[in-house]
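289 is the number of the first residue of the sequence shown in our numbering; add one for each residue after it. Read through the structure below, which is laid out as structure tokens, and then see the notes.
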Amino acid sequence: MRLGKDHHVEPFTCPYCKKRLDGVAGVDTDTLPEPEDVSICVVCGGVSVFAEQGCLRKPSLDELDEILQREGVQEALNAFIRSMFERDNVGHA
Ligand SMILES: [Zn+2]
């Protein structure tokens, strides 16, 4: 798994942590997200779905279950969890 190119986009709000974000990067792709693409928040790890106009929405529980089965999603979540761990270790021996 690799992160694609960073894109600067119109600010959007994470439906979980309510942080306003203005950048996206694909997983294994350099393209911009399309509606219905899955997003993992870089701040809180919340799994969302891109709606029209680049907004994020929470999936339904059924959708979430289906998303978590998709190829690459678990791997991306694992990468997020590792990045959180590394962030927490900053400044520690
Ligand atoms: Zn978030």
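Beta carbons are placed, not taken as given, at the ideal position from N, Cα and C, and that holds for glycine.
Apart from the five residues just before and just after Arg308, which ones in its own chain have a Cβ nearer than 6 Å to its Cβ? Excluding residues within five positions, the ones whose Cβ falls inside 6 Å are Pro299 and Thr301.
Which term fits Val373, buried or exposed, when burial requires 16 or more other beta carbons within 10 angstroms of its beta carbon? It is Phe, not Val, that sits at residue 373 in the sequence shown. Around the beta carbon of Phe373, a 10 Å sphere encloses fewer than 16 other beta carbons of the protein chains shown; the residue is thus reported as exposed.
Per-residue burial, Ser348 [other beta carbons within 10 Å of its own, 16 or more giving buried]: Ser348 should be labelled exposed.
Counting only runs of 4+ residues fully inside the segment 321–380, write out the alpha helix (DSSP H) ranges in chain order. Counting only runs of 4 or more, we get 349–357 and 361–376.
Spatial neighbours of Gly342 within its chain, please: C-beta separation below 7 Å, excluding the five flanking residues on both sides. Excluding residues within five positions, the ones whose Cβ falls inside 7 Å are Val297, Glu298 and Phe300.
Can you tell me whether Gly334 sits near ligand 1, meaning its C-beta is under 6 Å from at least one heavy atom of the ligand? At least one heavy atom of ligand 1 is nearer than 6 Å to the Cβ of Gly334, so yes.
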